[in-house]
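Chains as they are written, first to last, in the numbering used here: chain A, 771 to 989; chain B, 771 to 989. Where a beta carbon is used, it is the ideal one built from N, C-alpha and C, also for glycine. Nothing here was measured: the structure is a model prediction, and the numbers come from that model.
There are 2 protein chains.
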Amino acid sequence: MSLIHDDLPSIDNDDLRRGKPACHKVFGENVAILAGDALLACAFEHLAASTKGVSPTRVVRATVELAKSAGAEGVAGGQVMDVSSEGLSSEVGLERVELIHLRKSAALLEGAVVLGAIVGGGSDEEVERLRMFGRCVGLMGQIVNDILDVTKSTAELGKTTGKDLVVDKLTYPKVLGMDKSKEIAQKLVEDSKEILAGFDTPKAAPLCAVTNYIAGKIN
Amino acid sequence: MSLIHDDLPSIDNDDLRRGKPACHKVFGENVAILAGDALLACAFEHLAASTKGVSPTRVVRATVELAKSAGAEGVAGGQVMDVSSEGLSSEVGLERVELIHLRKSAALLEGAVVLGAIVGGGSDEEVERLRMFGRCVGLMGQIVNDILDVTKSTAELGKTTGKDLVVDKLTYPKVLGMDKSKEIAQKLVEDSKEILAGFDTPKAAPLCAVTNYIAGKIN
Chain A
771 MSLIHDDLPS IDNDDLRRGK PACHKVFGEN VAILAGDALL ACAFEHLAAS TKGVSPTRVV
831 RATVELAKSA GAEGVAGGQV MDVSSEGLSS EVGLERVELI HLRKSAALLE GAVVLGAIVG
891 GGSDEEVERL RMFGRCVGLM GQIVNDILDV TKSTAELGKT TGKDLVVDKL TYPKVLGMDK
951 SKEIAQKLVE DSKEILAGFD TPKAAPLCAV TNYIAGKIN
Chain B
771 MSLIHDDLPS IDNDDLRRGK PACHKVFGEN VAILAGDALL ACAFEHLAAS TKGVSPTRVV
831 RATVELAKSA GAEGVAGGQV MDVSSEGLSS EVGLERVELI HLRKSAALLE GAVVLGAIVG
891 GGSDEEVERL RMFGRCVGLM GQIVNDILDV TKSTAELGKT TGKDLVVDKL TYPKVLGMDK
951 SKEIAQKLVE DSKEILAGFD TPKAAPLCAV TNYIAGKIN
């Protein structure tokens with residue numbers, strides 16, 4: 771696996787530790803909002819204009835997936851649920867926090883994986899199996915993120931931690947406690963790898979490496 | 771023409787005069803930003819998922835057009851230029867204000883018309899002629915908007931007027947004066963109708979009606 775890890779783009783930890791200011795800090799909130807809109811449109815343009823050699827039918831199908839993963843049923847809708855749930859009692863339960871995480875984070879990973887599968891010529895059955903993989907890893911990644919916000923210092927993580935507690939965000943540790951959250955994350959890692967086991971091993975290796983990379987952050 | 775006007779959706783002037791609060795006033799800025807993102811994604815989903823009977827090649831081509839009209843080269847980029855130009859001297863000139871208006875407003879009209887032309891099966895030549903029509907009407911509409919902001923009262927227009935002056939926005943009246951602005955708007959109306967004259971008259975009638983409707987606001 772080490773070779774595969776070497777192939778992943780490296781992250782400049784010095785940059786992370788220094789903490790680069792976000793877009794809205796540098797250019798103002800109005801420009802940051804418009805940059806977000808422009809980049810969202812750019813994603814669709816890239817998909818439609820740059821996928822030479824892919825049948826237009828597949829490009830149209832991928833466009834629907836991208837829109838669903840970004841829009842009201844995906845990241846944007848999940849983020850609305852997330853900010854609307856701040857301060858809610860943990861009694862609202864696992865179902866709600868899981869739905870938020872599935873929309874906000876898992877939809878993004880699901881979209882990324884499914885788009886690759888569609889554009890890469892995957893069969894319907896392969897696309898649906900990879901959808902489940904993306905959903906598992908996305909949910910796992912958000913649970914890991916929730917855990918790190920509690921267990922790591924700002925210096926260790928390279929971004930401000932403890933933020934979820936400050937705004938009383940609905941997270942897995944809040945609803946289920948730390949041990950149960952780690953257990954669920956581990957189960958999702960196993961589920962993800964089980965799904966990948968059905969694919970050609972060398973081709974699935976990068977997805978396996980990403981899974982290990984995210985899961986490894988809480989160890 | 772009166773029949774065609776009757777076919778246009780009517781605007782409830784009482785609602786306009788009462789002044790309904792905007793999304794960010796009712797739901798907060800964070801939710802309004804996310805609603806914008808979700809609706810942008812929804813436009814692409816609608817185009818890709820709901821255009822039955824249209825060849826995927828045309829849908830992909832329309833997707834590129836939609837992205838360009840909304841993104842960095844279109845509305846979002848034009849709006850960035852617009853807010854960045856507040857307070858600039860009128861000496862920056864006509865070229866800059868025209869570029870802002872072409873991106874911010876004309877790109878939207880151009881996109882709307884071109885998408886219809888592509889999805890409706892127009893030839894390349896028809897698409898490009900309608901693109902010029904959309905650009906003319908869009909630019910004309912923005913100049914009309916600039917003029918109304920100066921000449922009409924808030925009660926007459928149903929929205930707050932005089933706002934451009936408050937933030938010292940770069941507008942046609944500011945750069946060229948009122949008479950010259952009206953003259954250019956009128957010339958654009960004539961150009962628009964000349965382009966439409968090349969199409970089947972009954973089919974082009976709604977576009978002609980929209981042109982008259984917008985232009986009529988300054989008379």
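Reduced DSSP category for phenylalanine 814 of chain B - H, G, I as helix; E, B as strand; rest coil: helix
beta-carbon glycine 841 of chain A near the ligand SAH non-hydrogen atom, thresh 7 Å: Judged by which ligands are present, the structure shown has none, so any question about the ligand SAH falls away.
Straight-line gap, lysine 939 of chain B to leucine 958 of chain B (C-alpha atoms, nearest Å): 22 Å
Alpha carbon of threonine 924 of chain A to alpha carbon of proline 943 of chain A, nearest angstrom: 18 Å
Whole-angstrom distance between glycine 881 of chain A and isoleucine 803 of chain A, CA atom to CA atom: 22 Å
DSSP state of glycine 863 of chain B mapped onto helix, strand, coil: coil
When A/Pro972, A/Ser839 and A/Tyr983 are compared against valine 884 of chain A, the one with the closest alpha-carbon: A/Ser839
Chain D contact for cysteine 793 of chain A (CB, 8 Å cutoff): The chain inventory of the structure shown lacks chain D, comprising the protein chains A and B.
CA-to-CA distance, valine 824 of chain B to glutamate 926 of chain B, given in whole angstroms: 43 Å
Burial state of threonine 833 of chain B, where buried means 16 or more other Cβ atoms lie within 10 Å: buried
Rounded C-alpha distance that separates alanine 975 of chain A from isoleucine 988 of chain A: 21 Å
DSSP state of alanine 967 of chain B mapped onto helix, strand, coil: coil
Rounded straight-line distance, which links the Cα of glycine 844 of chain A to that of glycine 912 of chain A: Contrary to the premise, residue 912 of chain A reads as glutamine rather than glycine in this sequence. Spanning the two alpha carbons is a distance of roughly 14 Å.
Contact residues within the stretch 796-812 of chain B, judged by C-beta distance below 7 Å to chain A: Asn800, Val801, Ile803, Leu804, Gly806, Asp807, Ala808, Leu810, Ala811 and Cys812
Whole-angstrom C-beta distance between valine 945 of chain B and glutamate 856 of chain B, which should lie under 8 Å: Going by Cβ atoms, the distance from glutamate 856 of chain B to valine 945 of chain B rounds to 14 Å, so no, they are not a contact pair.
Cβ pair alanine 818 of chain B, valine 829 of chain B closer than 8 Å: yes
Valine 850 of chain A burial status per 10 Å Cβ neighbour count (16 or more: buried): buried
Under 7 Å by beta carbon: chain A residues contacting valine 830 of chain B: Ala818, Pro826, Val829 and Val830
Contacts that valine 853 of chain B makes with chain A (C-beta to C-beta distance below 9 Å): Gly798, Asn800, Val801 and Leu804
Chain B residues whose Cβ lies nearer than 7 Å to that of threonine 833 of chain A: Phe814, Ala818 and Thr833
Alpha helix (DSSP H) runs wholly inside the stretch 832-858 of chain A, at least 4 long, in chain order: 845-854
Sub-8 Å separation of glycine 886 of chain B and glutamate 815 of chain A beta-carbons: no
The stretch 945-956 of chain A contacting the stretch 869-876 of chain A, beta-carbon criterion three pairs below 8 Å: no
Nearest-angstrom Cα separation, counted from methionine 910 of chain B out to asparagine 915 of chain A: 50 Å
Short-range partners of chain A found in the stretch 897-911 of chain B, where Cβ spacing is below 7 Å: none
Distance between beta carbons of glycine 904 of chain B and leucine 879 of chain B, contact taken as under 8 Å: 4 Å
Option in A/Gly848, A/Leu836 and A/Phe797 with minimal Cα separation from asparagine 800 of chain B: A/Gly848
Aspartate 970 of chain B and glycine 806 of chain A closer than 8 Å at C-beta: no
Cβ-based burial, valine 980 of chain B [other Cβ within 10 Å; buried from 16]: buried
Cβ-Cβ distance between lysine 922 of chain B and threonine 930 of chain B below 8 Å: no
Neighbour list for lysine 838 of chain A in chain B, Cβ cutoff strictly below 7 Å: Glu815
Proximity test, Cβ basis, 8 Å: glycine 857 of chain A and chain B: no
Where the alpha helix (DSSP H) containing lysine 933 of chain A begins and where it ends: 933-936
Within 7 Å of chain B by C-beta, residues of the stretch 884-897 of chain A in sequence order: none
Where the alpha helix (DSSP H) through threonine 921 of chain B begins and ends: 894-921
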